[in-house]
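S.K.:
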Amino acid sequence: GQNIDQPTEMTATEGAIVQINCTYQTSGFNGLFWYQQHAGEAPTFLSYNVLDGLEEKGRFSSFLSRSKGYSYLLLKELQMKDSASYLCAVSELTGGGNKLTFGTGTQLKVEL
Amino acid sequence: DTEVTQTPKHLVMGMTNKKSLKCEQHMGHRAMYWYKQKAKKPPELMFVYSYEKLSINESVPSRFSPECPNSSLLNLHLHALQPEDSALYLCASIGTGGYTFGSGTRLTVV
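So the protein sequences, as listed, match chains A and B.
Our numbering puts the first sequence at residues 116 to 227.
Our numbering puts the second sequence at residues 4 to 113.
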C-alpha cells in the first residue's frame, strides 16, 4: 500500500509563488505525477518526475527526492484560473502492472 | 489521436437498471484503468487491464463488472447500483508519455 500526504487547503495571492508539498511511502516506485483538477472536470497532467531533481515547465515546476519520499509542485506568477485542486499521484510497479495512486489533493485558492 | 474518449458524459440510472460505461483509446496503450471519484475526494483505483486481461481489482463490488473486448476498448457494466455509487467515473490508459485520462462519466444513481 501507499501513504501519500498533501496539505488539504492553501491560499495564495495573484502574482505570487506557491509551493505544494507531497510526501509518500511506497515500494516499486515508478514515477510521481502532478495533476490539476477543476471542479467537475477530469484531472489534467501537469508534470512527471522519475529521477531526483527539478523539472520546469513554464510557470510550473516539480521537484522530486526519492530518498526522502518527497515532492513539491511550484506555481509561479499565480493567476485566478490556477484556483483548483492539485493532486500528487505515485506510480508503482506491481505484479499486476503499473498502478497510479492519488494523494488526498490540495485545494488551492488564488485571491486578488 | 492522443485522447481517451469516454461515453456517455452524463448518466442517470435507477437502482434496478443495467447500463454500461465505455472508454476508447487509439494510442496503442496496452494498460487501461477505471477510477471512481466522489466529490472533494481524489480518484480511487477500481480496475486495471493489462494486455486485455484484468490484472488488478481493488476489491470492487460485483455490481461493477469490467470488460476489455480489445486493446482499444474498455467497458464498465453497471447493475443494481446504490445511490452511494453516484460519482465521476474516469478511464485512463498508460503509454510512454504517462497516464492519459478521459473526461469522465458523471453517474447519478436514483
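Using N, Cα and C, we set each Cβ at its ideal position, and we do this for glycine too.
Check Lys196/A in the structure and name its three-state DSSP category.
M.R.: Reduced to three states, the DSSP call for Lys196/A is helix.
S.K.: Helix, strand or coil for Glu156/A per DSSP?
M.R.: The answer is coil: DSSP assigns Glu156/A none of H, G, I, E or B.
S.K.: Under three-state DSSP, which class holds Pro86/B?
M.R.: Here Pro86/B sits in helix by DSSP.
S.K.: Do we get a CB-CB distance below 8 Å when we pair Tyr92/B with the residues of chain A?
M.R.: It does not; no Cβ of chain A falls within 8 Å.
S.K.: Does DSSP classify Leu190/A as helix, strand or coil?
M.R.: DSSP places Leu190/A in strand when its eight states are reduced to three.
S.K.: Report the residue from Gln140/A, Ala204/A, Leu208/A, Gln222/A whose alpha carbon sits nearest the alpha carbon of Thr233/A.
M.R.: As shown, chain A starts at 116 and ends at 227. That puts residue 233/A outside it, with no answer to give.
S.K.: How many Å lie between Lys214/A and Lys39/B at the Cα?
M.R.: Taking the straight line joining both Cα atoms gives about 14 Å.
S.K.: On the three-state DSSP scale, how would you describe Thr103/B?
M.R.: DSSP places Thr103/B in strand when its eight states are reduced to three.
S.K.: Which residue from Gln140/A, Asn118/A, Tyr201/A, Gly218/A puts its Cα closest to that of Lys183/A?
M.R.: Out of Gln140/A, Asn118/A, Tyr201/A, Gly218/A, Gln140/A has the C-alpha closest to the C-alpha of Lys183/A.
S.K.: For Gln28/B versus Val15/B, is the C-beta distance shorter than 8 Å?
M.R.: Contact flag unset, no.
S.K.: Identify the contact partners of Ala34/B in chain A, using a Cβ-Cβ distance below 7 Å as the criterion.
M.R.: Simply Gly212, Asn213.
S.K.: Under the three-state reduction of DSSP, which class applies to Lys44/B: helix, strand or coil?
M.R.: In the structure shown, Lys44/B sits in coil (DSSP, three-state: anything other than H, G, I, E or B).
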